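Peer 1:
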Amino acid sequence: MRIQRLTFHTLSTITLGLFLTTSILGQEAYTVKTVPNPKTINNTWVSDPGSLITEADKSSINQFIDTIEQQTTAEIAVVVLPSIGDEVPKDFAVSLFNTWGIGKREKDNGLLLLIVMDQRRWEFETGYGLEGDLPDITLKRIGESKLVPGLRSNQIGRGIFDSIEAVAAKLNVANTGENSLTMYTDTGGVGGKVSDKFTDTTDNSPSYFEDESYEQNIFGLSRGDQEFYLLIIGIYAAIVILITLINLIKPRRKDDKKKSSRLTVLKYGFYWLLPAIVVLSLVYAANFGLFSAIYYPISAAWAAIKRWLNIQKAVGFGGDPYTIYQKLRSTNGAGLWTLAVIFPIPVAFIAIYFARKLRSLRLTPRICPTCNTQLTRLDEQADDFFLDKGQVKEEQLGSVDYDVWHCNKCNYVKILPYDAYFTSYNPCPSCNYKTYHTAADRTIVSPTCSSSGTGEREYKCKHCNYSKTETYHIPARDCSSSSSSSGSSYSSGGSYSSGGGGSFGGGRSGGGGAGGSW
Numbered sequence: 219m220r221i222q223r224l225t226f227h228t229l230s231t232i233t234l235g236l237f238l239t240t241s242i243l244g245q246e247a248y249t250v251k252t253v254p255n256p257k258t259i260n261n262t263w264v265s266d267p268g269s270l271i272t273e274a275d276k277s278s279i280n281q282f283i284d285t286i287e288q289q290t291t292a293e294i295a296v297v298v299l300p301s302i303g304d305e306v307p308k309d310f311a312v313s314l315f316n317t318w319g320i321g322k323r324e325k326d327n328g329l330l331l332l333i334v335m336d337q338r339r340w341e342f343e344t345g346y347g348l349e350g351d352l353p354d355i356t357l358k359r360i361g362e363s364k365l366v367p368g369l370r371s372n373q374i375g376r377g378i379f380d381s382i383e384a385v386a387a388k389l390n391v392a393n394t395g396e397n398s399l400t401m402y403t404d405t406g407g408v409g410g411k412v413s414d415k416f417t418d419t420t421d422n423s424p425s426y427f428e429d430e431s432y433e434q435n436i437f438g439l440s441r442g443d444q445e446f447y448l449l450i451i452g453i454y455a456a457i458v459i460l461i462t463l464i465n466l467i468k469p470r471r472k473d474d475k476k477k478s479s480r481l482t483v484l485k486y487g488f489y490w491l492l493p494a495i496v497v498l499s500l501v502y503a504a505n506f507g508l509f510s511a512i513y514y515p516i517s518a519a520w521a522a523i524k525r526w527l528n529i530q531k532a533v534g535f536g537g538d539p540y541t542i543y544q545k546l547r548s549t550n551g552a553g554l555w556t557l558a559v560i561f562p563i564p565v566a567f568i569a570i571y572f573a574r575k576l577r578s579l580r581l582t583p584r585i586c587p588t589c590n591t592q593l594t595r596l597d598e599q600a601d602d603f604f605l606d607k608g609q610v611k612e613e614q615l616g617s618v619d620y621d622v623w624h625c626n627k628c629n630y631v632k633i634l635p636y637d638a639y640f641t642s643y644n645p646c647p648s649c650n651y652k653t654y655h656t657a658a659d660r661t662i663v664s665p666t667c668s669s670s671g672t673g674e675r676e677y678k679c680k681h682c683n684y685s686k687t688e689t690y691h692i693p694a695r696d697c698s699s700s701s702s703s704s705g706s707s708y709s710s711g712g713s714y715s716s717g718g719g720g721s722f723g724g725g726r727s728g729g730g731g732a733g734g735s736w
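Sequential numbering of the sequence shown, starting at 219, is according to the numbering used here.
(1) Helix, strand or coil for Asn-644? Go by DSSP, reduced to three states.
(2) Report all residues from its chain with a CB closer than 6 Å to the CB of Asp-602; omit the five preceding and five following residues, and keep chain order.
(3) What span of residues does the beta strand (DSSP E) with Ile-333 cover, start to end?
(4) Considering only the beta carbon of each residue, do Leu-615 and Thr-653 sit closer than 8 Å?
(5) Going by other Cβ atoms of all chains shown within 10 Å of its Cβ, with 16 needed for buried, is Lys-607 buried or exposed?
(6) At a cut of 8 Å, does the stretch 348-360 reach the stretch 308-318 through at least three beta carbon pairs?
(7) In three-state terms, what does DSSP make of Tyr-571?
(8) Please check the pair Leu-329 and Ile-279, which I expect to be a contact at CB under 8 Å, by giving their CB distance rounded to whole angstroms.
(9) For the ligand SAM, I want to know if Lys-364 counts as a neighbour, meaning its beta carbon is within less than 7 Å of at least one of the ligand's heavy atoms.
(10) With the cut-off set at 8 Å, would you say Thr-344 and Gly-728 are in Cβ contact?
(11) Say whether the stretch 356-365 touches the stretch 374-386, bearing in mind that this needs 3 or more beta-carbon pairs closer than 8 Å, one atom from each stretch.
(12) Mind checking who Thr-594 pairs with in its DSSP beta bridge?
(13) Between the Cα of Ile-692 and the Cα atoms of Thr-672, His-681, Lys-686, Ser-685, which residue gives the shortest distance?
(14) Compute the Euclidean distance between the alpha carbons of Trp-340 and Ile-286, then round it to the nearest angstrom.
(15) Which of the three DSSP states is assigned to Thr-687 in this structure?
(16) Can you tell me whether Ser-735 is buried or exposed? The criterion is at least 16 other CB atoms within 10 Å of its CB, across all chains shown.
(17) Look up Glu-273 in the DSSP assignment and give the residues it is bridged to.
(18) Pull up the CB-CB distance for Tyr-248 and Ile-283, whole angstroms please, since I reckon it's below 8 Å.
(19) Who are the Cβ neighbours of Lys-678 in its own chain at under 6 Å, not counting the five residues just before and after it?
(20) Between Ile-374 and Leu-270, which are expected to be in contact by the criterion C-beta below 8 Å, what is the C-beta distance as a whole number of angstroms?
(21) In chain order, what residues of the same chain have a beta carbon less than 6 Å from the beta carbon of Lys-325, not counting five sequence neighbours either side?
(22) I need the DSSP call for Gly-616, collapsed to helix, strand or coil.
(23) Measure the alpha-carbon distance for Lys-575 versus Asn-650 and round it to whole angstroms.
(24) Taking all protein chains shown into account, do 16 or more other C-beta atoms lie within 10 angstroms of the C-beta of Pro-307, making it buried, or fewer, making it exposed?
(25) Note down, in chain order, each residue of its chain lying with its Cβ closer than 8 Å to the Cβ of Thr-210, except the 5 sequence neighbours on either side.
(26) Verify whether the separation of the beta carbon atoms of Ala-694 and Thr-666 is less than 8 Å.
(27) Can the beta-carbon of Gly-731 be found less than 8 Å from the beta-carbon of Phe-342?
(28) Do Ser-642 and Cys-682 have their CB atoms nearer than 8 Å?
(29) Tell me which same chain residues have a C-beta within less than 6 Å of the C-beta of Tyr-636, skipping the five on either side of it?
(30) Going by the beta-carbon positions, is the gap between Glu-676 and Thr-687 smaller than 8 Å?
(31) For Asn-260 versus Thr-291, is the C-beta spacing smaller than 8 Å?
(32) By the 10 Å Cβ neighbour count, where 16 or more other Cβ atoms means buried, how is Phe-640 classified, buried or exposed?
(33) Which residues bound the alpha helix (DSSP H) around Leu-357?
(34) Which same chain residues end up closer than 6 Å to Lys-358 when comparing Cβ atoms and leaving out the 5 residues on each side of it in sequence?
(35) State the Cα-Cα distance for the pair Glu-428 and Ala-386, rounded to the nearest angstrom.
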């Protein structure tokens, strides 16, 4: 029976693999240069070289984007491609956005929606001017709630139209009913083919901003599915609590008696229960505000407690103060200050405690290993006498700070180096002191629209004067978005037309946006 199951599973996997391979190989992999630009072809907004959207849907989408452009001057491009090969959709979207120059040049108010069918991936890419009205999280929610349901049900046109409608609402453009799609009557067609009938009545589909059941269906889960996941999470949480209790009451070794039971609770609670809580907030809340209210404090607490436990573990590591210092710093380091910026409360308090602990370890009195006399820590001026020239230069540059401990009785000297957290200096290949840096970075040959350029970077050591020069490649400038005729800007005059050519306005991507899979 087991062999039969394995055979069936193997055959199913092979069949699915062959089907996917055949489908992918049979599709043209588009590049940024080969994607048809709808503005230059027929002054429209939708590029669909694979004919995955019906002409009726394209017409409706184009009319709606016309309305948005007339009221806000924002330009929205929609690109649906069968395949882009092994290209990363996000990188492809940025390159395509800048190549076409979506958005007005002086406003950078462009938006690109890219859909890659074989990768089952969608990407929103925004220009600088729209990042305020359409932040990444807003586009993420629009994509998940409006676009993904249409893509999953092969209703591509519906998903795109609903997404554009949600974007329009964020741009304060109202859809009065002149731009609408009818409900789909045939979901079995290839690529989401729909009825050619249109209506001027209001769309009966639930509104993204008004649907009370949005929190129930944003992830495509029914209430029954959510209850099932909640049950699983509840069982998971019960198991975690049981494991925690067992670890609290189980007999301990003598050398473990001093360990706090509270630390055990924190360790097992946050390392095991946190994922369940996060999943709970994602599946059940399905609301960014509520999700933030749940996830942020939990993440902040987890980050703070994890760092605090690391500090306690390092302190309990044992050894001389310098060894403890290095261990403590290696387990926390600069990442703690980054977390303090992300989670100012309570990680900032842990960061302050961390800094004070490091300082305390650094100032802890040392004992002379020769005569058992307490050593004296010299000040910054006096310790230079015991440092060589390279070490003095490191202190002057701030790359390394040295503590010199001196025995007044037997003249024993102990030198301890402390590397700076943030420095532009690296160890020199010649003298090995941390005095090596980038002295100059210049352009030798400037890049043009047709050829690449050359740059030169010079490295130099401020101690031994060792120097090294490296040349590097500068990519050619992308001038395609500015090469269009200045008199070919698009103005629809309130109606959709498939004739004539034009161009986008020369906008640039701000790097923002959102993406996902379906």
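Quick reminder that beta carbons are idealized off the backbone N, C-alpha and C, glycines included.
This structure is a prediction, so every number in the text was calculated from the model and none was measured.
Peer 2: According to the data block:
(1) strand
(2) Val-610
(3) 328-334
(4) yes
(5) exposed
(6) no
(7) helix
(8) The Cβ separation is near 13 Å, so there is no contact.
(9) Among the components modelled here there is no ligand, and therefore nothing to report on the ligand SAM.
(10) yes
(11) yes
(12) DSSP, once it has assigned bridges, lists His-624 as partnering Thr-594.
(13) Ile-692 has its Cα closest to that of Thr-672, out of Thr-672, His-681, Lys-686, Ser-685.
(14) Taking the straight line from one Cα to the other gives about 21 Å.
(15) Strand, per DSSP.
(16) exposed
(17) Bridge partners of Glu-273: none, in fact.
(18) With a Cβ gap of about 21 Å, Tyr-248 and Ile-283 do not count as contacting.
(19) These residues qualify, in order along the chain: Ala-657, Ser-685.
(20) 6 Å
(21) Gly-347
(22) coil
(23) Taking C-alpha positions only, Lys-575 is separated from Asn-650 by approximately 30 Å.
(24) The residue is buried, with at least 16 neighbouring Cβ atoms inside 10 Å.
(25) Nothing in the structure corresponds to residue 210, since the chain is present only between 219 and 736.
(26) yes
(27) yes
(28) no
(29) Same-chain partners within the cutoff: Asp-619.
(30) Taking 8 Å as the Cβ cut-off, Glu-676 and Thr-687 qualify as a contacting pair.
(31) no
(32) exposed
(33) DSSP places Leu-357 in the uninterrupted alpha helix (DSSP H) bounded by 354-360.
(34) Ala-732
(35) In this prediction, Glu-428 scores a pLDDT of 38, lower than 50, which makes its location untrustworthy; no coordinate-derived value is stated.
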